[in-house]
Each structure stands twice: as structure tokens, then as C-alpha cells.
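Take a look at the structure below.
Protein chains: 2
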Amino acid sequence: MRVTLPKNLLAERIALLERVIPSRSSNPLLTYLGLAAEKDALVLFGSNGEVDLEVRLPAQLEGEGRYLIPSQPFFQLVRSLPGETVELSLGSELALASGRFTTRLALAPMEGYPELLFPDLEGGEGAFTQRAQFLAEELQRALSQVRYAASNEEYRAIFRGVQLEFSDRGFRAVASDGYRLALFDLERPQPFTRKAVVPARSVDELVRVLRSAEGEVVLALGPGTLGLAVRQEEGALRMAVRLMEGEFPDYERVIPKEFPLKAALDVEPFREALKRVSVLADKQNHRVDLFLEEGRVLLSAEGDYGKGQEEIFVSLEGAPMSLAYNARYLLEALAPLSGRAELGFSGPTSPTLVRPLEEGGYQAVVVPLRV
Amino acid sequence: MRVTLPKNLLAERIALLERVIPSRSSNPLLTYLGLAAEKDALVLFGSNGEVDLEVRLPAQLEGEGRYLIPSQPFFQLVRSLPGETVELSLGSELALASGRFTTRLALAPMEGYPELLFPDLEGGEGAFTQRAQFLAEELQRALSQVRYAASNEEYRAIFRGVQLEFSDRGFRAVASDGYRLALFDLERPQPFTRKAVVPARSVDELVRVLRSAEGEVVLALGPGTLGLAVRQEEGALRMAVRLMEGEFPDYERVIPKEFPLKAALDVEPFREALKRVSVLADKQNHRVDLFLEEGRVLLSAEGDYGKGQEEIFVSLEGAPMSLAYNARYLLEALAPLSGRAELGFSGPTSPTLVRPLEEGGYQAVVVPLRV
Numbered sequence: 016m017r018v019t020l021p022k023n024l025l026a027e028r029i030a031l032l033e034r035v036i037p038s039r040s041s042n043p044l045l046t047y048l049g050l051a052a053e054k055d056a057l058v059l060f061g062s063n064g065e066v067d068l069e070v071r072l073p074a075q076l077e078g079e080g081r082y083l084i085p086s087q088p089f090f091q092l093v094r095s096l097p098g099e100t101v102e103l104s105l106g107s108e109l110a111l112a113s114g115r116f117t118t119r120l121a122l123a124p125m126e127g128y129p130e131l132l133f134p135d136l137e138g139g140e141g142a143f144t145q146r147a148q149f150l151a152e153e154l155q156r157a158l159s160q161v162r163y164a165a166s167n168e169e170y171r172a173i174f175r176g177v178q179l180e181f182s183d184r185g186f187r188a189v190a191s192d193g194y195r196l197a198l199f200d201l202e203r204p205q206p207f208t209r210k211a212v213v214p215a216r217s218v219d220e221l222v223r224v225l226r227s228a229e230g231e232v233v234l235a236l237g238p239g240t241l242g243l244a245v246r247q248e249e250g251a252l253r254m255a256v257r258l259m260e261g262e263f264p265d266y267e268r269v270i271p272k273e274f275p276l277k278a279a280l281d282v283e284p285f286r287e288a289l290k291r292v293s294v295l296a297d298k299q300n301h302r303v304d305l306f307l308e309e310g311r312v313l314l315s316a317e318g319d320y321g322k323g324q325e326e327i328f329v330s331l332e333g334a335p336m337s338l339a340y341n342a343r344y345l346l347e348a349l350a351p352l353s354g355r356a357e358l359g360f361s362g363p364t365s366p367t368l369v370r371p372l373e374e375g376g377y378q379a380v381v382v383p384l385r386v
Numbered sequence: 016m017r018v019t020l021p022k023n024l025l026a027e028r029i030a031l032l033e034r035v036i037p038s039r040s041s042n043p044l045l046t047y048l049g050l051a052a053e054k055d056a057l058v059l060f061g062s063n064g065e066v067d068l069e070v071r072l073p074a075q076l077e078g079e080g081r082y083l084i085p086s087q088p089f090f091q092l093v094r095s096l097p098g099e100t101v102e103l104s105l106g107s108e109l110a111l112a113s114g115r116f117t118t119r120l121a122l123a124p125m126e127g128y129p130e131l132l133f134p135d136l137e138g139g140e141g142a143f144t145q146r147a148q149f150l151a152e153e154l155q156r157a158l159s160q161v162r163y164a165a166s167n168e169e170y171r172a173i174f175r176g177v178q179l180e181f182s183d184r185g186f187r188a189v190a191s192d193g194y195r196l197a198l199f200d201l202e203r204p205q206p207f208t209r210k211a212v213v214p215a216r217s218v219d220e221l222v223r224v225l226r227s228a229e230g231e232v233v234l235a236l237g238p239g240t241l242g243l244a245v246r247q248e249e250g251a252l253r254m255a256v257r258l259m260e261g262e263f264p265d266y267e268r269v270i271p272k273e274f275p276l277k278a279a280l281d282v283e284p285f286r287e288a289l290k291r292v293s294v295l296a297d298k299q300n301h302r303v304d305l306f307l308e309e310g311r312v313l314l315s316a317e318g319d320y321g322k323g324q325e326e327i328f329v330s331l332e333g334a335p336m337s338l339a340y341n342a343r344y345l346l347e348a349l350a351p352l353s354g355r356a357e358l359g360f361s362g363p364t365s366p367t368l369v370r371p372l373e374e375g376g377y378q379a380v381v382v383p384l385r386v
């Protein structure tokens, strides 16, 4: 098999594979990069056992085959090759030539390499029986805005994932660590009903792929697997990630519905004041106090270094209230927002709802600290 | 004592202090930032026991005093303060106000804080009896270009420093780890004769300060101490670093003087080819082979992954030669260079000299690998 393709295209498109393919693995074959010829495309593939990825690039091809090449020297070399094109000849070894540089790399046998299954962009049967279409940018926003709320703890493993909910009411991504929760609703009725939990680290890879994509993408579910297929400017990209077992406990009941006090505020100055005041907060619980009254929030904190406070003007609706938060949780809940936001306070010891004041699918729940 | 000054000036100028002041120390007072009022300047100072630093800023001042404030919250706050100016009131505590933000920080007592001594920019007596003037940019170049060759090993501790040599022939900075050597000569006759070894990590801080400076600077030596005084656009900066004991063994004898083969080459393409070929090199010794003959260098390497080679055109003067190098050492020796360079080969097992083809104070010596 012989392949000729532009160096820059190859260098640019292997970046996502470079992230996924591990430099060490209990299955050493996973440290290799797969190369195959299919129709007019060079197919590059890799896996870390949790995330499988396949990149298709237009290339001049002769012959066919499927080969495993050592990914580490290949990734290191591709970016700095001296020529404008790269020539790859694959047989008993890989011969690479670009400009006056040549190299010969040893191959690994394909036996023992896992079979990677991906959904088709165009439809068609296969392992992925449930399919839904999204706009890349919309799906990317839904996933990336809730991901922070997933847990890092071993305890209650299901919370280390992001739950995706498909139903005829729409699509929802939701994450929680038991102390706070974030969800994002897309009003896009789904052709099937299912809940699937994706490990948060795999969500990060899905988000990266979606950022590189444009227009419509396909999300597809098979047994124990979520697949994604996206078109790119030149070529296409497909991904499959292992699902976690189980689904989230009922979280709807922690989302407050009634608010004795609501605040509408500009996110940016509120966030900045919260950051400043939290510098003085106790290093253990990061406690910042909020006192809301007469069109103002007084933020204050006190710790080993001393104390600090700042006042911000807001629009209030309801009775004055004093609350305390872990500043980090409140800052993370505000992070996806810009412009104006609404904070709905259900009480000093019951959950607070954070959401954009105008339309937007994002909602976050933060539980105040017990004073 | 009360101080008012522009937030941005303060935020910008504490960056170097932020690097020096440790977040933990066996003497907890060193984690504090010093503030003092002198004439029309706010003086900020700090030390990590190895490097002392003092920054002088124009400010509106009332009263006087010397105070230690907790550096960690202060550094965190200063950049994000909401106002254009900062007001500091120092007494039994520090009260800081900027815009609608206020904070009160606990102070530490000055007792037990080391006395910091710095050379004067203008001359005058004191602990620093030997003084020399440099251009900031020249001195910065001399120090930063040789620093890489210093050792990281505990063994032969003196090689963990950079030796500064002052004499009527000029100024030299030299570093070596016993396997390679770099030196930089400034043709600037010095008013005194002395050799002083500065720890490589302190050289990094000197270089940072010199990068922030313009025009003439003063380097001064006292007992066991090297001082630096620089002017900045607004204000001034002074530094003192502890010297290492002892001086380098005689290194002049390892610098080759006769070359059966010399190569003149463009640094950039040679460096790029060396990087590419070294990707294939053995991971232990990073060996890259050079074969020089008839206006060409053939670079080649072979390791676990396979082998690679590339050819580069050069001007040669002398008999063909085959040599092998640790690619990292050769790349580091070339790093300070651009444009055209000369490689002087004294033999396949004896030192190679690397230097710019045109004028320049830099010279590096790299010992080939034994083939």
C-alpha cells in the first residue's frame, strides 16, 4: 500500500488521535496508530480502550491493507517533516519520505488489535441502532457546560459520568456530584427514549471532536456504546465511547421550584467580586457569605489572612436573605454564563438555582453551606 | 503609613517578587512581602534565602514604616482589583481599598526578618565594594546563553553554577557539567579581577530581572554576594544573590584549538534535520551519527522504532569525518544560535567547538560519543 498526502493536512488531523492513543497500555498494541486504505481515503485509527477514534483523509492511494505503526515517533515526526507532501509505503515495514528525510519504522501485527465499531454518517444498519442528529455547536455546548459538575470521587461511581437523556420531549445532558448539579436542555425531540451515562473524561474527548466539526453530526447508541460521526472540511471523523452501567438516581426533586427571593444580575462583575472576596475565605470550606437586601449583595469572607468584602448592585425580588456558599461551587455554576443571570434562592439552607436570565438550556443547582 | 498608587503599575511590578517569595519556607517570615516608605517611593521587598529582591515604585505616601504583609492573598488580589488605584493603610494591620472592595490583612512583626543588602545604582560605599557597569541586554544574553550547560547533578556541586569572570581582558560567563561547556565573552574590560560562581537557578532570576530592564545596569560583588541594580521605566529594581563557594577547575584545556575539519552551515535547517533524525535515536544515549564529506552532512539514527536519515548541504574544509553525538547536547549547543554557524571538529573522539560564523561572544564545546 502506498499513500501520498499533504503534510499539513496530516499533521493537523492527527492531533485528536495523538490525545487518544496512549503512550503506555496493558495492551501494547493500543500504543500503535492504525493506517488503512479505503476508497479514496486514508483511514487513521486508534483507541485507548475507552475511546475509539477514526479519521478519514483524502489521499492518493495505491493498493490496500491495514497496518499498525508505532505512534510515538510518527506523531513526533509528522509536524516537522521538511517536504510539502508525505509519502508512506507500507509492506513489511513503513517507509516514510518527505523532502530529503527518510525513515523506516517497524510495524506491529494486526492480530490482537480490537475491532473498532463506529456509526455511519449516512445511516445504514450495524451495531448502532438508535440514531439522532444534532448541530455540532449545540451538542458541544450542552456537553461542555455541564461537565464540570461531574464527580472526581471513587464514591458513587455513576456521578463520574454525564447522563444523556433522549426522549420525545428533547435532549438533556446532566451531571452532578451529589452537592451540585448542572443540566442543559435542547428542545430537539428525539426519535427514541433512552438514558446513557458517558464517563466525564470521554465527554471531554467528545467535546474536542465536536469543536473540530461543522454542521450536522450523528450521535448513535449501540449496546454499551455511544458513537459520534462528524464531517470535517476535508474528510470525516468517527468516535465511539464506552458507556457506564446504570443511571442517575432521581435528581429532579433537588431542583427548587419556588423562590422567596430572586436576584437578577450582570454575571461578570458578580463573578469578579466573588473571586476577589474568596481570596480571603477559609482554605478548607471556601466560605463566602452573601447578604442580599435593597438592591445590593454584600459579599464577605474571613479566614486566616484577615477579611474582605465587596458590594454589588443587583435587582432583587423578595425578602432579604443571608446565605453562605462554597465560593468554588458558585463560581463553577456561573462559569458557563455571560450577560445577565438569575439566581433563585429557595432558602438559606435549601438549593439555589442559577440560570441565564434570557433563553438558554443551562440550569445549575448549588446547595448553600450550613451556617 | 498610607500609600496610594495605580493598580496596574503595582500589579505589573510585583510579578518578579511573586516568583521569588516562597509560599512555604523553614522561616515563615520569608513567605511575607515587605512594604516600606522611602522618600517618594513605595519599596516592596522579598527573599527566598538565596535571592533577595527589592522593587521601588513612585507612589503618594504619608508617614513611614516597614511592614510584612501576607504575600499570597496580596498577590492573588492585586491583579483583579476593581478600582484604578489602590489605597494601602498600614498600622496594626493592612487595610486595602480599591473601588468597592476592601480587605483587612494581619501583619507579621519585622523582628526575625533578614536584613537585605543591595548595591546602589549610583555608586556609594557599602557591602558591595567591586562594581561594574553593563548594558542590560548584553549581560542578559551572556548569562542566558550559557546557563543550559550547567549541571543538574548533586555530584561536583560547583558545576551547578555559572562562573562569572571579571578581568581587564573582559567579562566571561561560563557553565559546564563536565560533558559539555558553554561560554560567552564580552569585550568590556572590567575594573577588577575576580571569579564568582552563581547558582544556575539564581542566574534564571537575574536573567528575568535583566529582561525587564533597559540601558545601563550595575553588577556588584560583596563578600559571598552578587548584587544587581537596574532602572525601570517607572522606578528601580535591585537584587542580591548568594554566591557558591569555590571556582571551576581549569576548563580552558578542553577547548579545542586545531581542527582537521571545519563545517560552515545554516543553523536552522541543520537543527531541524537533527531534531527529525533524533526521533529515531536510541532512547538511552540519543545517538545521532554524522558523516561529513563532499559538501554534505548525512545525519542518521537507529533505535527501537527503526531508522531515519537526512542529508544537509554544508561548506566543508578538511578531510571527511564520521562522528556520533548525544543529539540533545548538540541541539542545546546550537540553541542560542541563528544565521550561520561554524562547527570545528578536532577529531571523532575529541571535543567539537560550536560558534557563530560571524562575530559573537558565544562558544560551546560538545564531546562526541565514543563509537
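Chain order of the listed sequences is A and B.
Residue numbering for the first sequence follows the working numbering, starting at 16 and increasing by one per position.
Residue numbering for the second sequence follows the working numbering, starting at 16 and increasing by one per position.
Yeah, the Cβ is synthetic: ideal placement off N, Cα and C, and Gly gets one too.
Note that the structure is predicted; figures quoted are calculated from it, not measured.
Open item on the list: So residue 95 (chain B) contacts chain A; which residues on that side make the cut at Cβ distance below 9 Å?
Closed with: 287, 290, 291 and 294
TODO: Mind listing the chain B neighbours of residue 91 (chain A)? Cutoff is C-beta to C-beta under 8 Å, in chain order.
DONE: 294
Open item on the list: What does the alpha-carbon distance come out to for the pair residue 283 (chain B) and residue 364 (chain B)?
Closed with: Approximately 25 Å, taken between the alpha carbons.
TODO: Find the residues of chain B that neighbour residue 116 (chain A), judging by a C-beta separation of less than 8 Å, and give them in chain order.
DONE: 288, 291, 292, 323, 324 and 325
Task: Minimum C-alpha distance to residue 228 (chain B) - residue among B:31, B:317 and B:367 - done: B:31
- [ ] Alpha carbon to alpha carbon, how far is residue 320 (chain B) from residue 33 (chain B)? Give it in angstroms, no decimals.
- [x] 44 Å
Task: Given residue 347 (chain A) as reference, the closest of A:333, A:332 and A:285 once Cα atoms are compared - done: A:285
Open item on the list: Within 10 Å of its beta-carbon, does residue 107 (chain A) have 16 or more other beta-carbons around it, so buried, or fewer, so exposed?
Closed with: exposed
- [ ] With DSSP as the reference, label residue 387 (chain B) as helix, strand or coil.
- [x] Since the first residue of chain B shown is 16 and the last is 386, residue 387 (chain B) is not available in this structure.
Open item on the list: Short of 9 Å Cβ to Cβ, which residues in the stretch 119-141 of chain B face chain A?
Closed with: 119, 120 and 121
Task: Per-residue DSSP class, three states only, for residue 86 (chain B) - done: helix
Task: Under 7 Å from the C-beta of residue 320 (chain B): neighbouring residues of chain A - done: 85, 88, 120 and 121
TODO: Compute the minimum distance between the beta carbon of residue 245 (chain A) and the heavy atoms of the ligand ZN, and state whether it is under 8 Å.
DONE: As for the ligand ZN, it is missing from this structure, which has no ligand bound.
Open item on the list: Checking 9 Å against the spacing of the C-beta atoms, do residue 222 (chain B) and residue 280 (chain B) come in under that value?
Closed with: no
TODO: Could you confirm whether any beta carbon from chain A is found closer than 9 Å to the beta carbon of residue 21 (chain B)?
DONE: Taking Cβ atoms only, chain A never reaches closer than 9 Å to residue 21 (chain B), which makes this a no.
Open item on the list: In whole angstroms, give me the CA-to-CA distance for residue 78 (chain B) and residue 37 (chain B).
Closed with: Whole-angstrom Cα-Cα distance: 29 Å.
TODO: Quick one: grab the DSSP three-state call for residue 21 (chain B).
DONE: strand
TODO: Specify the secondary structure class of residue 205 (chain B) as computed by DSSP and reduced to three states.
DONE: Secondary structure of residue 205 (chain B) (DSSP, three-state): coil.
- [ ] Mark residue 205 (chain B) as exposed unless 16 or more other C-beta atoms lie within 10 angstroms of its C-beta, in which case mark it buried.
- [x] buried
- [ ] Express the C-alpha separation of residue 335 (chain B) and residue 359 (chain B) in angstroms, rounding to a whole number.
- [x] 13 Å
TODO: Whole angstroms is fine: what's the gap from residue 43 (chain B)'s alpha carbon to residue 350 (chain A)'s?
DONE: 35 Å
TODO: Measure from the C-beta of residue 99 (chain A) to each C-beta in chain B and report whether the shortest distance is under 9 Å.
DONE: no
Task: Opposing strand residues paired with residue 47 (chain B) [DSSP bridges] - done: In the DSSP assignment, the residues bridged to residue 47 (chain B) are B:85.
TODO: With 8 Å as the limit, tell me which residues of the stretch 145-159 of chain B have their beta carbon closer than that to any beta carbon of chain A; keep them in chain order.
DONE: Only those residues of the stretch 145-159 of chain B whose C-beta falls short of 8 Å from the nearest C-beta of chain A would be listed, and there are none.
TODO: Please report how far the alpha carbon of residue 182 (chain A) lies from the alpha carbon of residue 269 (chain A), in whole angstroms.
DONE: 21 Å
Task: Of the listed residues B:56, B:305, B:48 and B:177, nearest to residue 5 (chain B) (C-alpha basis) - done: Shown here, chain B extends from 16 to 386; a query on residue 5 (chain B) therefore has no answer.
Open item on the list: According to DSSP, simplified to helix, strand and coil, what is residue 327 (chain B)?
Closed with: strand
- [ ] Given a cut-off of 9 Å, decide if residue 377 (chain B) and residue 232 (chain B) are closer than it, judged by their beta-carbon atoms.
- [x] No. Outside cutoff.
Task: Residues of its chain near residue 94 (chain A), where Cβ-Cβ distance is below 6 Å and the 5 sequence neighbours each way are ignored - done: 26
- [ ] Decide yes or no for the touch test of the stretch 308-328 of chain B against the stretch 127-139 of chain A: beta carbon pairs closer than 8 Å, at least 3 of them.
- [x] no
Open item on the list: Quick check on residue 108 (chain B) - is its C-beta less than 9 Å from some C-beta in chain A?
Closed with: With respect to chain A, the C-beta atom of residue 108 (chain B) has a partner C-beta closer than 9 Å.
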